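The letter at position 244 of the sequence shown is residue 244 when you use full-length UniProt numbering, and the numbering goes up by one with no holes.
What follows is a single structure, written as structure tokens, with notes after it.
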Amino acid sequence: MAARRAVPIARPRTATTHRTGRQQTSSRGLRALLRLALAALAAAACVGHAAPASASPVYPVPDADEFYAAPADLDRFQPGDVVRSRMVPAANFPGSTVWQLLFRSTNSADEPIATVTTVLVPPGGGLDRPLVSYQPFVNSLGMHCAPSHSLFDGGMREAPALNLLLARGWAVAVPDHLGPTSAYGAAQLGGRITLDGIRAAKRFAPAGLAASPVGMTGYSGGGMATGFAAALAPEYAPELPIVGVAMGGVPMNMGKLARDLGTTPNPLFGLGFAVAVGLEREYPVQAAMSRLLNPAGVALRDEIANACAEQIISAGANRSFSDVLDGPMDADPSLVRVLHENSLETFPGVPRVPLYEWHGEADEVDPDLVRAVAGRYCQAGTPVQLDILPGVDHGGAITHGAPRAFGYLSDRFAGLPAPSNC
């Protein structure tokens, strides 16, 4: 494990359903996928003006499992209300009881949406057992790639980490934080879904979590959802008893990241293009990427519209935006606004609970951006512990930082004073 440097801060088979009101990869593959996710966020920020093409967003094929379907009366539910539930087999999580909850949340246009969280409860424990909301990096556009599927089909690279949390006696909630259209890149939406998923888990009586203190954690794209949940919570879900947040490898500003990495042909281009597709799904007017595409871009968009990460990477390898846009790329003010809304550096909200952040010193995301955001949070009075891991890149930092993140949450659940190197 790398030395730590404290840095001053400048489809599963179902059993019962109720209405209530791929393949495994090695740690090397995990690290590679994280690097791809990072490049995705950068490339997506590069879309500009071009000639009109197919002007409407392309949405994913809806999940064939009727459990995921929103009811016609969804608007009568409040954010976090459980619409329906089911118990699912838990072979990958021995001893734990696992439910999936369809719950009501709210999208970026303040419209009701329905999405799913998977709740895992280990044996034993009391009514005040901790609840951790774990946001995985998803990096996909297809509904079958969501955590509620990938937890059980081998597609989620982070799934083994959940057993580390369950072994501590903690319950875990894993939200489908890209939402019902797999809006990859819409991080503020991910924050709302995360918070409403916690509400749903606590309101679901069979899980016994009503009195549970709450922690949140995630890395890379999952860290973006986690960070936005923390920043939104004071206004969006002030009643939640969140005691601590741990997030790592978070891209703080997609526009700046794009300038750092450039827009030349890249083996990771497909993921960046997928972020643009995902943002258009969530912001069909402000981020209307499809009107900018040339025929090759339309073909690529349609090819990956229901794809998971590996297919997206393969389809877009070694392309650039000049290959898929007809004309030069200029600044698009409406897109800039969308990027600002989904970048923690430019989002005005501030977490009001203790925060642990970790970041690799050799990460492709400049650690100075992380320091800057942490510094702003410190100035607002939030206790922040920031660790920069010497010599560690984006793909490696998850394995170095996750045990520390879990230890940090354990101390918050124990009521210990929160450390800070503000």
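C-beta: ideal position from N, C-alpha, C; glycine also.
For clarity, every value in this text was computed on a predicted model and none was experimentally measured.
Can you tell which of the options has the C-alpha that lies nearest to the C-alpha of residue i?
i: A225; options: L344, V58 and K256; result: L344
i: G244; options: M87, V121, R371 and V132; result: V132
i: S150; options: A229, T263, L386 and N92; result: N92
i: P251; options: P265, S220, A276 and Y283; result: S220
i: A129; options: V82, A173, R104 and D65; result: One point to set straight first is that residue 129 is Arg, not Ala, in the sequence displayed. With distances taken between Cα atoms, R129 lies closest to A173.
i: P351; options: V373, D368 and P333; result: V373
i: D153; options: I312, P175, A90 and G349; result: A90
i: residue 430; options: G227, P206 and P213; result: Absent from the model: residue 430. The displayed extent of the chain is 1 to 422, so no value can be given.
i: L335; options: R76, A186, Y68 and F67; result: A186
i: I313; options: S96, L141 and S322; result: L141
i: P295; options: S322, P123, Y236 and G278; result: S322
i: V392; options: F137, V338, M143 and G248; result: G248
i: H359; options: R371, P265 and R192; result: R371
i: D411; options: R168, A233 and A229; result: R168
i: F103; options: S96, R76 and V275; result: R76
i: G316; options: L292, G349 and V275; result: V275
i: E111; options: G415, P175, Q78 and L409; result: Q78
i: N139; options: G223, Q385, T346 and P390; result: G223
i: R203; options: V82, L416, A109 and F413; result: V82
i: E235; options: P71, P265, D196 and P206; result: D196
i: S56; options: A70, S290 and H394; result: S290
i: K256; options: W99, L339, L409 and R86; result: L339
i: P265; options: A233, G381, S320 and G215; result: S320
i: G415; options: L271, G215, Q286 and P367; result: G215
Taking the alpha-carbon positions, what's the residue i to residue j distance?
i: D363; j: A405; result: 18 Å
i: Y184; j: V119; result: 22 Å
i: I304; j: N107; result: 23 Å
i: T115; j: R84; result: 11 Å
i: P403; j: G179; result: 28 Å
i: P354; j: A288; result: 37 Å
i: G218; j: F137; result: 8 Å
i: L267; j: E310; result: One detail in the question is off: residue 267 reads as Pro in this sequence, not Leu. So the alpha carbons of these two residues sit roughly 12 Å apart.
i: H177; j: L74; result: 18 Å
i: R192; j: S105; result: 7 Å
i: I388; j: N163; result: 26 Å
i: A229; j: G278; result: 19 Å
i: S96; j: P123; result: 6 Å
i: E66; j: V88; result: 15 Å
Using 8 Å for Cβ pairs, my map puts residue i next to residue j. What's the rounded Cβ distance?
i: F273; j: N318; result: So it is not a contact: roughly 12 Å between Cβ atoms.
i: E341; j: Q188; result: 6 Å
i: Y356; j: A246; result: 4 Å
i: residue 438; j: P241; result: Outside the displayed span of the chain (1 to 422) sits residue 438, for which this structure offers no information.
i: V384; j: S420; result: 6 Å
i: A159; j: V121; result: Going by Cβ atoms, the distance from A159 to V121 rounds to 16 Å, so no, they are not a contact pair.
Kindly indicate which three-state DSSP category residue i falls into: helix, strand or coil?
i: V250; result: coil
i: M143; result: helix
i: Q286; result: coil
i: E310; result: helix
i: Q135; result: strand
i: G272; result: helix
i: Y184; result: coil
i: R291; result: helix
i: F152; result: helix
i: A171; result: strand
i: R301; result: helix
i: D366; result: coil
Compute the minimum distance between the beta carbon of residue i and the heavy atoms of the ligand FMN, and state whether it is under 7 Å.
i: V350; result: Absence of the ligand FMN is noted for the structure shown, with no ligands found whatsoever.
Could you tell me whether the Cβ of residue i comes closer than 8 Å to any Cβ of chain D?
i: G396; result: No chain D is present in this structure, which holds just one protein chain.
Inset, instruction - Could you tell me whether the region 139-154 touches the region 377-387, where touching means 3 or more Cβ pairs closer than 8 Å? - result: Three or more beta-carbon pairs separated by less than 8 Å are not found between the region 139-154 and the region 377-387, which leaves the two stretches without contact.
Legend entry - Segment contact flag, the region 393-407 with the region 277-291, C-beta cutoff 8 Å, min 3 pairs: With the rule of 3 Cβ pairs closer than 8 Å, the region 393-407 does not count as touching the region 277-291.
Inset, instruction - Check whether the region 56-63 touches the region 293-308, counting contact only when three or more Cβ pairs, one atom from each stretch, lie closer than 8 Å. - result: Taking a cut-off of 8 Å for Cβ pairs, the region 56-63 and the region 293-308 touch, as three or more such pairs fall below it.
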